[in-house]
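Okay, so here's the structure we're looking at.
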Amino acid sequence: MTENTQNGWKLLTLVGPDRAGIVAEVSRVLYGAGAELGEASMMRLGGVFTIMLMVRLPENVADLKGLLESVRNEFKLRVHVDEVGAGLHRHVDPDVRITVHGADRAGIVAEVTGALARAGLNILDLRSDVAGSREQPIYIMTIEGVAQQGYEALESALAGLPKDIRVTLSPVDIVRG
1 MTENTQNGWK LLTLVGPDRA GIVAEVSRVL YGAGAELGEA SMMRLGGVFT
51 IMLMVRLPEN VADLKGLLES VRNEFKLRVH VDEVGAGLHR HVDPDVRITV
101 HGADRAGIVA EVTGALARAG LNILDLRSDV AGSREQPIYI MTIEGVAQQG
151 YEALESALAG LPKDIRVTLS PVDIVRG
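Following our numbering, the numbering of the sequence shown begins with 1 at its first residue and continues without gaps.
Below you can see the structure in the form of structure tokens.
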């Protein structure tokens, strides 16, 4: 095994109906078992709550799914665990933010992300929502990433998108303390 598969980090994914107390109970159980927590992403999408969390268990705890069985049952969660070559302090800061507004229609995500990929954007975070009304829905997407081929390559790629898609490209300034 390589060092990356031996480092003990697991990616825990929990998905289920949104309800108060999920984060508190998951973190209580993990803390009680002596688990180390790393990066996390938690969000609500369409009434469903999801957690993606890096977890490293102490040597005396072998079964992460089993450890969370009572929480899974109580909150009706689906639990998935992956062995990952993750680690702490590997955070990548975005250097660009792209905001997209357009009439909600099939293909808008594929068009925008395809253009950005061809221009060398490494997407770190993508969030989307539908606003407007049922009759006139508006798709809103915010993307943060690293412009691997430079800001100008992104500007050029985005200029080629259909005119019904309004895009704002902004540099992200990271302030370090």
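Note that beta-carbon positions come from the ideal geometry of N, C-alpha and C, so glycine has one too.
Check                                                                                                     : Outcome
Buried or exposed by the 16-neighbour rule on C-beta atoms within 10 Å, applied to I51                    : buried
Sheet register partners of R166 (DSSP bridge)                                                             : H101
Completely contained beta strand (DSSP E) runs for the segment 3-87, where each covers 3 or more residues : 9-17, 36-45, 48-56 and 78-83
Proximity winner among A103, A115, A153 and E152, relative to D129 (alpha-carbon distances)               : A103
Burial state of L45 (16 or more Cβ within 10 Å)                                                           : exposed
Proximal residues to E39 (C-beta, below 7 angstroms), its chain only, five neighbours per side dropped    : M54
8 angstroms Cβ shell around I138 - same chain, five flanking residues per side excluded                   : H101, G102, A103, D104, V130, A131 and G132
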